[in-house]
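Residues 4 to 278 (our numbering) make up the sequence shown, in order.
By construction, the Cβ of each residue, glycine as well, lies at the ideal position given by its N, Cα and C atoms.
All figures in this text were calculated on a predicted structure; none of them were measured in a lab.
Following: one structure in structure tokens, then a few remarks.
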Amino acid sequence: MQKPSRRLLGIVALAALGLIGSGRAPVLAAPPPGNPYHLIDRTTITVGSVGDSKPYAFTDASGNFTGFDIELFRDVARRLGFDSSHVIVIGQDFSALLPSVANGRFDVAVAAIGTTAARKKVVDFSDGYLVGFLSVLTSESTIRTPDDLAGKRLGILQGSLEAIYAEKHFTKTSLVEFPDDNSAVSALNSGTIDAHFLDYESAKQDAQRFPSLKIAVNIPSFDAPAGFVVRKGNTAFKDALNKALHAAMQDGTWETLFKKWFPGDPLTPQYLPQH
Ligand code: SNW
Numbered sequence: 004m005q006k007p008s009r010r011l012l013g014i015v016a017l018a019a020l021g022l023i024g025s026g027r028a029p030v031l032a033a034p035p036p037g038n039p040y041h042l043i044d045r046t047t048i049t050v051g052s053v054g055d056s057k058p059y060a061f062t063d064a065s066g067n068f069t070g071f072d073i074e075l076f077r078d079v080a081r082r083l084g085f086d087s088s089h090v091i092v093i094g095q096d097f098s099a100l101l102p103s104v105a106n107g108r109f110d111v112a113v114a115a116i117g118t119t120a121a122r123k124k125v126v127d128f129s130d131g132y133l134v135g136f137l138s139v140l141t142s143e144s145t146i147r148t149p150d151d152l153a154g155k156r157l158g159i160l161q162g163s164l165e166a167i168y169a170e171k172h173f174t175k176t177s178l179v180e181f182p183d184d185n186s187a188v189s190a191l192n193s194g195t196i197d198a199h200f201l202d203y204e205s206a207k208q209d210a211q212r213f214p215s216l217k218i219a220v221n222i223p224s225f226d227a228p229a230g231f232v233v234r235k236g237n238t239a240f241k242d243a244l245n246k247a248l249h250a251a252m253q254d255g256t257w258e259t260l261f262k263k264w265f266p267g268d269p270l271t272p273q274y275l276p277q278h
């Protein structure tokens, strides 16, 4: 048998110390003793997410959850002592995520969930880690502005910020609710709806996949940055997540993941290392 190389042994030693894989921030090697974060299972973080919110949170071809939000959360969890084998991700309909965290079914929900005052009545949010746009995706060349949606059928994801925005502002449009973005995009492709209203990055991916679809309208959602959602009052967990999240921003991990998942997009200055 070949002897492992010195370099390999060095890497293994560094990995055991938790010194590689997540930048310069200190990383705990194991879940902390006791249950300081009030987790359902003290050795594991149980995460609720969605399977089709590309590129934020989705399942890959082998059924594993991945995406910007999932990778960022795994990095943050590792800084608290929970490596990938101690983070379980469970898929749900988007509309069930916040109630499930409130009811103690998940320790945290991670799925590009925008922070709003209404949602903060039900759950707590970490600090924000992502801002973007809400977009109208359509194959109809006559839809170019929000006004063009009058009399049209527009898909919305149940429980989403898009749904709330559409109900308030697109009052002449018939809104058609879907449990997930995939089924809405199928309905769009089959002509059951005229357009779908979803996050810009997801819309961009759909437009690449289905060349007839174009992004017609973008509405800034900078006042509702995505955050990690925890049970109300679980301040120890929220504070620990915030500390690790800021370490991931400060050591460039956020920037690396952002460039990986949103290539070419403008970086958000407040999430970059501060000097
Ligand atoms: O508010 C935006 C935020 O600015 C960023 O673009 C990431 O998405 C949002 O958080 C909005 N996300 C929707 C929501 O919170 C839908 C999330 C989803 O489809 N998984 O309702």
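The distance from the Cβ of Phe76 to that of Val113 is about 5 Å, consistent with a contact at the 8 Å cut-off. At least one heavy atom of ligand 1 sits closer than 7 Å to the Cβ of Gly135. Beta-bridge partners of Pro223 (DSSP): Phe136. Taking a C-beta distance under 8 Å as the contact criterion, Val79 and Ala247 qualify as a contact pair. Beyond the five residues adjoining it in sequence on each side, Ile91 comes within less than 8 Å, by CB distance, of Thr47, Ile48, Thr49, Val50 in the same chain, given in chain order.
The criterion of a C-beta distance shorter than 8 Å is not satisfied by Leu191 and Leu270. By the C-beta criterion, the stretch 253-264 is judged not to be in contact with the stretch 142-149, since fewer than 3 inter-stretch pairs fall below 8 Å. The shortest CA-to-CA distance from Arg81 to any of Val30, Leu137, Thr176, Pro182 is the one to Val30.
Residue state for His278 is assigned as coil, using DSSP reduced to three classes.
Under the three-pair Cβ rule at 8 Å, the stretch 192-207 does not count as touching the stretch 122-130. In the assembly as shown, Pro34 is a buried residue. Its beta-carbon has 16 or more other beta-carbons within 10 Å. Between Ser224 and Leu275, the C-beta gap is not smaller than 8 Å, which leaves the two residues out of contact. In the displayed model, Phe213 falls within coil according to three-state DSSP, outside both helix and strand. By the neighbour-count criterion, in which a residue is buried when 16 or more other Cβ atoms sit within 10 angstroms of its Cβ, Gly84 is buried.
CA-to-CA, the gap between Gly37 and Asp44 works out to about 11 Å. For Phe240, the three-state secondary structure derived from DSSP is helix. Within the stretch 50-93, the runs of alpha helix (DSSP H) at least 4 residues long that lie entirely inside it are, in chain order, 71-82.
Distances from the alpha-carbon of Gly94 to those of Ser87, Ser215, Val111, Ser88 put Val111 closest. At least one heavy atom of ligand 1 lies less than 7 Å from the C-beta of Leu160. Its chain contains Leu140, Leu216, Lys217, Ile218 as the residues whose beta carbon lies nearer than 7 Å to that of Ala210, once the 5 sequence neighbours on both sides are disregarded; these appear in chain order. A buried status is given to Val233, since no fewer than 16 other beta-carbon atoms sit within 10 Å of its beta-carbon. For Ile167, there is no enclosing beta strand (DSSP E); the enclosing alpha helix (DSSP H) covers residues 164-172.
Taking all protein chains in view, the Cβ of Thr148 is surrounded by fewer than 16 other Cβ atoms within 10 Å, so the residue is classified as exposed.
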